[in-house]
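Residue numbers (the working numbering): 51 to 389. Here a beta-carbon is modelled for each residue, glycine too, at the ideal position from N, C-alpha and C.
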Amino acid sequence: MIRIMEAVFSKGGFNSEQILLFTTDMAEETYAFSRLEGAFHRTKDLLWPVRWGVWLRLAVIALFVGGGINVPDIFQYQFDGSDFATGTAGAFPDVAPVVVLGIIAVVLAIALLWTLVGATLQFAFVDMLSTGDIHIRRHFRERFGKGARLFFFEIALIAVMILAVAALVFMLIRFGGAGSGVAASLLILALIPAFLVAALLFGLVFLLTTDFVVPIMIREDCGVIEGWRRLIGVIASRLWQTVVYVVVRFVLGIVAAIVQVILIVLALVVIAIPFILIGIVLLAALPENIVLLLALIIPYLIIAIPVSLLIAVPFVTYFRYYALLVLEGLLPEYRLLPE
Numbered sequence: 051m052i053r054i055m056e057a058v059f060s061k062g063g064f065n066s067e068q069i070l071l072f073t074t075d076m077a078e079e080t081y082a083f084s085r086l087e088g089a090f091h092r093t094k095d096l097l098w099p100v101r102w103g104v105w106l107r108l109a110v111i112a113l114f115v116g117g118g119i120n121v122p123d124i125f126q127y128q129f130d131g132s133d134f135a136t137g138t139a140g141a142f143p144d145v146a147p148v149v150v151l152g153i154i155a156v157v158l159a160i161a162l163l164w165t166l167v168g169a170t171l172q173f174a175f176v177d178m179l180s181t182g183d184i185h186i187r188r189h190f191r192e193r194f195g196k197g198a199r200l201f202f203f204e205i206a207l208i209a210v211m212i213l214a215v216a217a218l219v220f221m222l223i224r225f226g227g228a229g230s231g232v233a234a235s236l237l238i239l240a241l242i243p244a245f246l247v248a249a250l251l252f253g254l255v256f257l258l259t260t261d262f263v264v265p266i267m268i269r270e271d272c273g274v275i276e277g278w279r280r281l282i283g284v285i286a287s288r289l290w291q292t293v294v295y296v297v298v299r300f301v302l303g304i305v306a307a308i309v310q311v312i313l314i315v316l317a318l319v320v321i322a323i324p325f326i327l328i329g330i331v332l333l334a335a336l337p338e339n340i341v342l343l344l345a346l347i348i349p350y351l352i353i354a355i356p357v358s359l360l361i362a363v364p365f366v367t368y369f370r371y372y373a374l375l376v377l378e379g380l381l382p383e384y385r386l387l388p389e
């Protein structure tokens with residue numbers, strides 16, 4: 051665009067060299083599109099023909115870094131008065147508060163450990179694709195330090211998100227209790243767009259951290275903050291290309307999620323057929339023994355969960371290849387993938 055304006059105002063027209071330069075600029079603005087095919091071919095070369103060792107290791111990666119099974123959102127449940135019917139209060143007098151706190155502490159510890167492992171595997175995943183050495187343990191040990199840095203960065207972001215939501219809820223409760231119903235409704239309507247914008251910003255930070263900051267940290271051997279500083283410099287010089295990547299990545303993510311859900315549902319149905327038949331036989335032979343039917347859930351999950359993760363492997367691998375190729379286009383010095 052700058053060269054076009056220079057041609058118009060300085061010479062009043064274009065020459066062949068300026069047209070060629072402009073065409074080159076336009077081509078450079080399509081990294082998000084031009085890298086799509088390359089990511090597909092690299093994914094195909096890695097995963098086909100099938101090597102089960104590679105697929106199973108990448109399935110473990112998918113379990114921790116994303117692309118696996120989505121857990122239903124239990125917080126969408128709406129409580130009402132019937133949930134606390136008369137006589138239910140104090141129905142569990144033997145459960146001491148310390149037990150409840152202990153359970154919460156265990157769940158929190160597991161969640162933090164899971165996040166730490168996932169953060170470290172982000173780096174191990176890039177290393178595996180960069181070197182072609184698909185082994186988790188070796189890369190995990192080498193990248194644990196950087197994984198810990200990314201872990202604390204993610205925890206800080208999550209804490210900010212929680213505080214922001216808590217502040218929003220506090221404002222709604224306080225204003226809603228003190229003001230009129232109309233005023234409270236108007237406040238909610240006014241805060242919804244702000245909340246959505248904040249959620250999008252946090253999601254964008256997580257996306258760019260995973261896709262670009264992680265490989266920058268590997269290349270520059272730096273921390274998360276320094277990696278973000280360098281990425282901001284890249285974005286400042288390649289703003290349009292970054293915007294296009296984010297949009298394309300978002301659209302592809304939606305399409306991939308739909309396809310993945312369809313494939314997983316079909317696989318789960320197929321896997322469930324023999325268990326349903328066995329359940330029917332057991333129910334006919336022992337109609338009063340429901341425990342045996344419930345016991346079928348365990349082997350079903352043992353088969354269904356790995357199959358779902360294996361389905362996720364091509365999607366997770368493709369998107370990581372895609373991000374690395376786009377980053378390479380934005381700044382060639384951050385090339386991590388082999389020729």
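Integer-rounded CB distance, given that residue j should sit under 8 Å from residue i
| i | j | result |
| --- | --- | --- |
| residue 170 | residue 190 | 6 Å |
| residue 173 | residue 110 | So it is not a contact: roughly 15 Å between Cβ atoms. |
| residue 372 | residue 86 | 7 Å |
| residue 81 | residue 291 | 5 Å |
| residue 313 | residue 361 | 5 Å |
| residue 253 | residue 266 | Incorrect: roughly 19 Å between the Cβ atoms, too far for contact. |
| residue 351 | residue 342 | 16 Å between Cβ atoms; not a contact. |
| residue 238 | residue 213 | The pair is not a contact, with the Cβ atoms about 19 Å apart (cut-off 8 Å). |
| residue 270 | residue 279 | Their Cβ separation, rounded to whole angstroms, is 10 Å, which puts residue 270 and residue 279 out of contact at 8 Å. |
| residue 255 | residue 218 | No, residue 255 and residue 218 are not in contact; Cβ-Cβ is about 19 Å, not under 8 Å. |
C-beta atoms of residue i and residue j nearer than 8 Å
| i | j | result |
| --- | --- | --- |
| residue 113 | residue 104 | no |
| residue 346 | residue 179 | no |
| residue 381 | residue 297 | no |
| residue 377 | residue 220 | no |
| residue 115 | residue 366 | yes |
| residue 175 | residue 274 | no |
| residue 398 | residue 90 | Residue 398 is absent from the structure shown; the chain starts at 51 and stops at 389. |
| residue 268 | residue 387 | no |
| residue 193 | residue 177 | yes |
| residue 321 | residue 282 | no |
| residue 224 | residue 257 | no |
Segment limits, alpha helix (DSSP H) that includes residue i
| i | result |
| --- | --- |
| residue 278 | 274 to 287 |
| residue 367 | 347 to 380 |
| residue 383 | Neither: residue 383 is in no alpha helix (DSSP H) and is coded neither H nor E. |
| residue 147 | 147 to 181 |
| residue 97 | 81 to 97 |
| residue 189 | 186 to 192 |
| residue 264 | 264 to 270 |
| residue 104 | 102 to 115 |
Buried or exposed (CB count within 10 angstroms, at least 16 for buried), residue i
| i | result |
| --- | --- |
| residue 184 | buried |
| residue 147 | exposed |
| residue 163 | exposed |
| residue 319 | exposed |
| residue 154 | exposed |
| residue 245 | exposed |
| residue 287 | exposed |
| residue 201 | buried |
| residue 187 | exposed |
| residue 364 | buried |
| residue 316 | exposed |
| residue 152 | exposed |
| residue 197 | buried |
| residue 379 | buried |
| residue 358 | buried |
| residue 129 | Its pLDDT being 36, under 50, residue 129 is placed unreliably in this model, and the coordinates cannot settle the point. |
8 Å Cβ cutoff, residue i in contact with chain C
| i | result |
| --- | --- |
| residue 212 | Note that chain C does not occur in the displayed structure, where there is just one protein chain. |
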